[in-house]
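Chains as they are written, first to last, in the working numbering: chain A, 178 to 306; chain B, 178 to 306. Structure first, then comments.
Number of protein chains: 2
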Amino acid sequence: MARATAGYEEHGEEDSPGALPQPPRDEIDLGRVLAALADPMRRTVVATLATAPEGFEQHCSAFGLPVSKQTRTHHFRVLRESGLVSMTDRGNRVLTSLRRRDMEARFPGLLALVVADAAQDRQQDRSED
Amino acid sequence: MARATAGYEEHGEEDSPGALPQPPRDEIDLGRVLAALADPMRRTVVATLATAPEGFEQHCSAFGLPVSKQTRTHHFRVLRESGLVSMTDRGNRVLTSLRRRDMEARFPGLLALVVADAAQDRQQDRSED
DNA sequence: AGCGAGGTACGACTGCGCTCGTACCTTATG
DNA sequence: CATAAGGTACGAGCGCAGTCGTACCTCGCT
């Protein structure tokens, strides 16, 4: 079970069954979001989700992060508690989706910056071959 | 003297005398910038500079940060090494200015987000009186 | 020259973030 | 039912970031 270690209150209201706790739109804190995006690994995850079509969901393990699964869990928790992503517990697998509308409403253009930067990084890697 | 503790190389080319080392525009790293902006105190500084008119410069001590001057020095160093601000050593005082054009060129809209968030915070504080 | 204010350098402490090992749970598959 | 895979909880190590104390420098003012 995910306990309320975050700063926001535990809301009994959970839209869908298995939805893991996350801050409501108005309580999303810029500091938390920026801290979450400061990590390259988490930025990769966000860029991947943001590049994918609307409503895209993916397993946490499908991002190919070069860390152990415990560390992966940690990163996804940070992303969720910051408000960047929404996660659904399906028992043995967890689906992650970008909170695109919430982020666009609170910090318009921020996701685009992350996407653009990730794209530029990929281009640099290609030219270094 | 400020030594090159940053990741970027020490460029002999310094535009104006007393200009403290800072990364050139193309080497400004998003992770560093986001990490710098993740701190509320540094975000306040950036928001203040971004709200002020173009080319505005201010002493580090004039921001009213509730910390010691050593800590203040630390925060401004982080801001400078991230590429957010430009600093000029005038002997006994240091002038800080926002690298507005560079930031707008690399991460368009980011400063606006910081400004908007700071404005919203101020409004909340006012309604809490 | 002396003093105070602004700033930095260096060192130290403290807390937090990233990492993983171990243990355990849940589900799908054989 | 046994096993493997995805995930989490808990704890530990480690490094870095934020904070300050002490010391020192530079300039403006008296």
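Positions of the beta carbon are idealized from the N, C-alpha and C atoms, including for glycine. Being a predicted model, the structure only gives us computed values, none of them experimental.
At the level of alpha carbons, what is the spacing between residue i and residue j?
i	j	result
Leu242 (chain B)	Gly195 (chain A)	43 angstroms
Val292 (chain A)	Ala239 (chain B)	36 angstroms
Arg278 (chain A)	Met264 (chain A)	15 angstroms
Arg267 (chain A)	Gln199 (chain A)	16 angstroms
Leu197 (chain A)	Val244 (chain B)	37 angstroms
Leu261 (chain A)	Arg276 (chain A)	6 angstroms
Leu211 (chain A)	Leu211 (chain B)	5 angstroms
Gly286 (chain A)	Ile205 (chain A)	16 angstroms
Glu305 (chain A)	Thr250 (chain B)	37 angstroms
What residues are listed by DSSP as bridge partners for residue i?
i	result
Val222 (chain B)	Note: Val222 (chain B) sits in no beta bridge, so no partner.
Val255 (chain B)	Answer by DSSP bridge pairing: none, since Val255 (chain B) is not bridged.
Gln235 (chain A)	A:Thr273
Thr265 (chain B)	B:Ala196 and B:Leu272
Exposed or buried, residue i, counting other C-beta atoms within 10 Å across all chains shown (16 or more means buried)?
i	result
Glu258 (chain B)	buried
Ala224 (chain B)	buried
Gln247 (chain B)	exposed
Asp294 (chain A)	buried
Arg303 (chain A)	exposed
Leu290 (chain A)	buried
Glu186 (chain B)	Bear in mind that a pLDDT of 43 at Glu186 (chain B), under 50, signals an unreliable position, so the model cannot answer this.
Near residue i, which residues of its chain fall below 6 angstroms by C-beta distance, leaving aside the five closest residues on each side in sequence?
i	result
Ala209 (chain B)	Reading the sequence as shown, one finds Arg at residue 209 (chain B) and not Ala. Excluding positions up to five away in sequence, the list reads Ser259.
Leu288 (chain A)	Ala227 and Met280
His236 (chain A)	Arg270
Ser274 (chain B)	Glu234 and Ser263
Val222 (chain A)	Phe240
Leu272 (chain B)	Glu234 and Thr265
Which same chain residues, not among the five before or five after residue i, have their C-beta less than 7 angstroms away from its C-beta?
i	result
Leu207 (chain B)	Phe284
Arg219 (chain B)	Ala213, His252, Val255 and Leu256
Ser193 (chain B)	Thr265
By Cβ distance, which residues of its chain are closer than 8 angstroms to residue i, with the 5 residues on each side in sequence left out?
i	result
Asp216 (chain A)	His252 and Val255
Ala282 (chain B)	Arg202
Q) On the three-pair Cβ rule with 8 angstroms, is the stretch 294-301 of chain A touching the stretch 228-240 of chain B? A) no
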